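Worksheet: one structure, shown below.
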Amino acid sequence: MGFLRRVFFLALVGVVAIAVTVQPRPLPAAQPQYAQYPQYDAGGLNLHAAVGQIFALGNQARAQAGVASLKWDPALAAAALQHCRMMAAEGQISHQYRGEPDLSSRAAQAGAHFSVIEENVAMAPSATEVHQAWMQSPGHRENLLSPDVDHVGIAVVYARGEFYAVADYSAAAESLSPAQVEARVAALVRVSGVSVLANPALARSACVSDDDLLRSPSARPAWMIRWQNSDLAHLPRALVNQLQSGKYRQAAIGSCPAQDDGGAFTSYRVAVLLY
1 MGFLRRVFFL ALVGVVAIAV TVQPRPLPAA QPQYAQYPQY DAGGLNLHAA
51 VGQIFALGNQ ARAQAGVASL KWDPALAAAA LQHCRMMAAE GQISHQYRGE
101 PDLSSRAAQA GAHFSVIEEN VAMAPSATEV HQAWMQSPGH RENLLSPDVD
151 HVGIAVVYAR GEFYAVADYS AAAESLSPAQ VEARVAALVR VSGVSVLANP
201 ALARSACVSD DDLLRSPSAR PAWMIRWQNS DLAHLPRALV NQLQSGKYRQ
251 AAIGSCPAQD DGGAFTSYRV AVLLY
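Under our numbering, the first residue of the sequence shown carries the number 1, and numbering increases by one thereafter.
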């Protein structure tokens with residue numbers, strides 16, 4: 001499974017305001033996504049209202065495009081706020097400053113789990129114009145309306161008469177324990193009529209390396225596979241073909257820590273041994 005990372009930025013200074021015909025729905029003031037920063041800035045500007053407006057306008061645009069609404073992700077919002085504050089301090093917008101982690105690392109460090117990550121940044125005179133600018137820019141519009149993402153975190157900082165805005169979009173991935181991963185895969189394997197062994201120890205060690213299998217010839221499977229990605233809804237085609245062959249009666253399933261090829265993206269590593 002390929003991983004997607006798209007980032008776009010836009011600066012608007014002195015832009016004429018564009019009328020919006022859709023009235024945004026304000027978010028409840030007590031929602032926990034705003035816990036990362038104060039409701040008002042030093043000048044009395046309501047930052048929560050600005051974030052809520054951008055969030056609501058984005059989901060209204062997705063509804064009009066026939067795309068499912070985005071859910072709020074507090075971890076993405078925390079990552080967005082960290083970067084937004086840096087943009088305001090620098091005075092120029094960018095997706096990464098010297099010494100700052102990249103987008104996927106920032107999101108992962110904030111606690112987000114994802115298989116797709118995208119980002120829009122902007123500087124504009126108002127929250128409404130941030131949204132309008134993103135909608136009028138092909139790259140930003142693609143991120144905002146992408147059917148590949150389902151969560152968003154937004155941050156706004158007001159400085160020098162401008163709104164600095166960051167929206168981090170993701171396809172959220174679950175954070176599962178090895179036992180939970182094995183249970184998901186086992187449910188898919190049992191559909192074929194193959195039973196799953198209760199003890200995952202050998203499969204877990206095989207997930208890491210072949211050492212234990214080589215030391216125990218009697219435990220070697222007739223066939224095995226290892227794979228790694230963020231999708232636990234489907235088995236690899238090669239495994240499906242083997243399960244459908246009717247050659248096997250039992251399977252051992254083990255999960256182990258993902259290797260580094262996924263980077264900051266959430267992925268799972270699994271081994272299935274067939275007997």
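By construction, the Cβ of each residue, glycine as well, lies at the ideal position given by its N, Cα and C atoms.
None of the values given here were measured: they were computed from a predicted structure.
Integer Cβ distance of residue i from residue j, believed to fall under 8 Å
i: residue 152; j: residue 72; result: 7 Å
i: residue 70; j: residue 150; result: 6 Å
i: residue 105; j: residue 265; result: With a Cβ gap of about 10 Å, residue 105 and residue 265 do not count as contacting.
i: residue 118; j: residue 95; result: Actually they do not touch by this definition, with Cβ atoms about 11 Å apart.
Residue i burial status per 10 Å Cβ neighbour count (16 or more: buried)
i: residue 216; result: exposed
i: residue 132; result: buried
i: residue 90; result: exposed
i: residue 98; result: exposed
i: residue 233; result: exposed
i: residue 50; result: buried
i: residue 269; result: buried
Same chain only: Cβ atoms within 7 Å of residue i, ignoring 5 sequence neighbours per side
i: residue 267; result: 228, 229, 230 and 258
i: residue 23; result: Legend: pLDDT at residue 23 = 33, less than 50; position of this residue unreliable, value from coordinates given subsequently. Taken in chain order, the list of residues that qualify is empty.
i: residue 88; result: 157, 159 and 164
i: residue 209; result: none
i: residue 182; result: 200, 253, 254 and 255
i: residue 79; result: 106, 107, 110, 112, 153 and 168
i: residue 249; result: 194, 195 and 275
Residues of its chain near residue i, where Cβ-Cβ distance is below 6 Å and the 5 sequence neighbours each way are ignored
i: residue 254; result: 200, 203, 204, 207 and 271
i: residue 58; result: 144
i: residue 27; result: Because the pLDDT at residue 27 is just 36, under 50, the model does not fix this residue reliably, and the value given afterwards should be weighed accordingly. Excluding residues within five positions, the ones whose Cβ falls inside 6 Å are 52.
i: residue 179; result: none
i: residue 134; result: 120, 140 and 144
i: residue 186; result: 196 and 253
i: residue 65; result: 145
Proximity of residue i and residue j at Cβ, strictly below 9 Å
i: residue 63; j: residue 107; result: no
i: residue 197; j: residue 251; result: yes
i: residue 235; j: residue 188; result: yes
Residues near residue i in its chain [Cβ-Cβ closer than 8 Å; skip 5 each side]
i: residue 238; result: 225
i: residue 100; result: 83, 86 and 106
i: residue 68; result: 62, 147 and 150
i: residue 54; result: 127, 130, 131, 154, 156, 165 and 167
i: residue 161; result: 125
Can you confirm whether the segment 212–230 touches the segment 264–273 when touching is taken to mean that 3 or more C-beta pairs between the two stretches lie within less than 8 Å? The segment 264–273 vs the segment 212–230: in contact.
Is it a yes or a no for the segment 155–169 touching the segment 122–129, going by three-plus beta-carbon pairs under 8 Å? The answer is yes - the segment 122–129 touches the segment 155–169, with three or more Cβ pairs under 8 Å.
For the structure I just gave you, are there three or more beta carbon pairs, one from the segment 99–118 and one from the segment 168–175, closer than 8 Å? Put simply, the segment 99–118 touches the segment 168–175. At least three CB pairs are less than 8 Å apart.
Is it a yes or a no for the segment 241–248 touching the segment 187–201, going by three-plus beta-carbon pairs under 8 Å? Contact between the segment 241–248 and the segment 187–201 is present, with at least three C-beta pairs closer than 8 Å.
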